[in-house]
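Numbering of the sequence shown is given in UniProt numbering, commencing with residue 1 and proceeding in unit increments. Take a look at the structure set out below.
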Amino acid sequence: MNTIEHKMVELLKDLKKHYSVVAIKAEFEAEGSRLHELMRLKDVSDQAGLGIVLKLGGAEAVTDLFEAQKIGIEGIVAPMIESAYALKKYIAMVENYVSKSEREEMRIVAMIETNQGYKNVDAILAVDQTNTVNTISVGRVDFSGSLGLKRNEINSDKVYKIVEDIFSKAKKKKLNTVMGGGIAKEAIPFIKKLITKKLLDRYETRKIVFSTSESSSAESMEEGIIKANLFELLWLQNKKRYYTNIYLEDDNRIEMLMSRIYKINL
Numbered sequence: 001m002n003t004i005e006h007k008m009v010e011l012l013k014d015l016k017k018h019y020s021v022v023a024i025k026a027e028f029e030a031e032g033s034r035l036h037e038l039m040r041l042k043d044v045s046d047q048a049g050l051g052i053v054l055k056l057g058g059a060e061a062v063t064d065l066f067e068a069q070k071i072g073i074e075g076i077v078a079p080m081i082e083s084a085y086a087l088k089k090y091i092a093m094v095e096n097y098v099s100k101s102e103r104e105e106m107r108i109v110a111m112i113e114t115n116q117g118y119k120n121v122d123a124i125l126a127v128d129q130t131n132t133v134n135t136i137s138v139g140r141v142d143f144s145g146s147l148g149l150k151r152n153e154i155n156s157d158k159v160y161k162i163v164e165d166i167f168s169k170a171k172k173k174k175l176n177t178v179m180g181g182g183i184a185k186e187a188i189p190f191i192k193k194l195i196t197k198k199l200l201d202r203y204e205t206r207k208i209v210f211s212t213s214e215s216s217s218a219e220s221m222e223e224g225i226i227k228a229n230l231f232e233l234l235w236l237q238n239k240k241r242y243y244t245n246i247y248l249e250d251d252n253r254i255e256m257l258m259s260r261i262y263k264i265n266l
């Protein structure tokens, strides 16, 4: 491990101990994680005693699921579940490629993150007769975009009422709930309202997953979110350094070869 990775481990230990952090997030979807990056993240998370929840590229992303199984993860997320049929495909994939004993230990998440998904939420929630999916997640950034709202409207009453409705229906099905998208200090009142109504179990930044608690103060939640952003910053700095080294590693050889072929008209 390098210096940045050691800092990441210590930060995760602090987040786990003092800020109710329960997992790290990674994505094959929007973030476009590469397998070797996930392996580094897994090493960091293991050192801190935390698991990884991995967002797949889609409801039937079989190869993504295989890669997740290679590194060992504690949860998978299917994005953009917009119809009952999409959830059926997701469930079929999971049941085909993940053993029953593994499924019982995993967090298997379906994301409703568009207005179309919300319109179909009753049909979506009625699909899973085998209880394969145990968690419903709402991604507020894409959801707001699908409503034609701007990013600064993500904490609006309109978005809140929709999220509350989705989670109320999920809770009636005895499902766990997670919310992401725009998780900053401005989102804390939104989050606390859901917690007070016992509708939200977890919330997450791009890289960090928090467990909810009614006793958590707004100040403590804000500190946790800031530290989660610091973790992501360290992760990106480490990633940038890695690829910069690759980008530069052959410069001397290239320069030498260019000096040898000066007589050739390129």
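Every residue, glycine too, gets a C-beta built ideally from N, C-alpha and C. Computed from a prediction, not measured in an experiment: that's the story for all the values here.
Apart from the five residues on each side of it in sequence, which residues of its chain come closer than 6 Å, Cβ to Cβ, to residue i?
{"i": "G180", "result": "G139 and E204"}
{"i": "Y247", "result": "none"}
{"i": "S137", "result": "V109, M111 and V178"}
{"i": "L15", "result": "V21 and K227"}
To which residues of the same chain is residue i closer than 7 Å at the C-beta, ignoring the five residues directly before and after it?
{"i": "L199", "result": "E164, F167, S168, K171 and T177"}
{"i": "K7", "result": "L234"}
{"i": "E113", "result": "P79, M80, V138, G139, D142 and F143"}
{"i": "R107", "result": "V53, E74, G75, N134 and T135"}
{"i": "A187", "result": "N155"}
Counting along the chain, where does the alpha helix (DSSP H) carrying residue i start and finish?
{"i": "F143", "result": "R140 to S146"}
{"i": "R253", "result": "D251 to R260"}
{"i": "R241", "result": "A218 to L248"}
{"i": "R151", "result": "Segment: none, R151 is in no alpha helix (DSSP H) and carries neither H nor E."}
Among the options, which has the Cα closest to the Cα of residue i?
{"i": "V109", "options": "K227, G117 and T135", "result": "T135"}
{"i": "A61", "options": "S137, G51, K70 and Y90", "result": "Y90"}
{"i": "V9", "options": "E74, K227, E27 and L87", "result": "K227"}
{"i": "E214", "options": "F231, E232, I208 and L194", "result": "L194"}
{"i": "T132", "options": "V141, E105 and N115", "result": "E105"}
{"i": "A48", "options": "T114, E113 and E5", "result": "E5"}
{"i": "K197", "options": "K16, K161 and M1", "result": "K161"}
{"i": "residue 268", "options": "K17, K42, K119 and G32", "result": "Because the chain here runs from 1 to 266, residue 268 falls outside it and cannot be looked at."}
{"i": "K173", "options": "A123, R241 and I208", "result": "A123"}
Specify, as a first and last residue, the run of the beta strand (DSSP E) that residue i falls within.
{"i": "Y203", "result": "R202 to E204"}
{"i": "E37", "result": "Per DSSP, E37 belongs to no beta strand (DSSP E); it is in the alpha helix (DSSP H), L35 to A48."}
{"i": "N176", "result": "N176 to G180"}
{"i": "V109", "result": "R107 to I112"}
{"i": "F28", "result": "Unbroken run through F28: none, as it is neither H nor E."}
For the putative contact between residue i and residue j, defined by C-beta atoms under 8 Å, what is the C-beta separation to the nearest angstrom?
{"i": "G51", "j": "A68", "result": "Between A68 and G51 the Cβ distance is about 11 Å, and since that is not below 8 Å, they are no contact."}
{"i": "E223", "j": "Y97", "result": "Incorrect: roughly 40 Å between the Cβ atoms, too far for contact."}
{"i": "V53", "j": "K25", "result": "5 Å"}
{"i": "S146", "j": "N120", "result": "In fact, because the Cβ distance is near 13 Å, the residues do not count as touching under 8 Å."}
{"i": "L230", "j": "L11", "result": "6 Å"}
Identify, in the order they occur along the chain, each residue of the same chain with its Cβ nearer than 8 Å to the Cβ of residue i, setting aside the five sequence neighbours on each side.
{"i": "residue 267", "result": "Not covered by the structure: residue 267. The range shown for the chain is 1 to 266."}
{"i": "L56", "result": "F28, E29, D64, L65, A68, I76, V77, A78 and P79"}
{"i": "Q237", "result": "I4"}
{"i": "K158", "result": "L147 and L149"}
Cβ of residue i versus every heavy atom of the ligand FMN: is any distance shorter than 6 Å?
{"i": "V141", "result": "Within the structure as shown, the ligand FMN is missing, as the structure has no ligands at all."}
Assess contact between the stretch 215-222 and the stretch 141-159, defined as three or more Cβ pairs (one per stretch) separated by less than 8 Å. Is contact present?
No: the two stretches stay apart, fewer than three of their Cβ pairs being nearer than 8 Å.
Could you check whether the stretch 26-46 touches the stretch 67-81, counting it as contact only if at least three pairs of C-beta atoms, one from each stretch, sit closer than 8 Å?
Contact holds: three or more Cβ-Cβ distances are below 8 Å.
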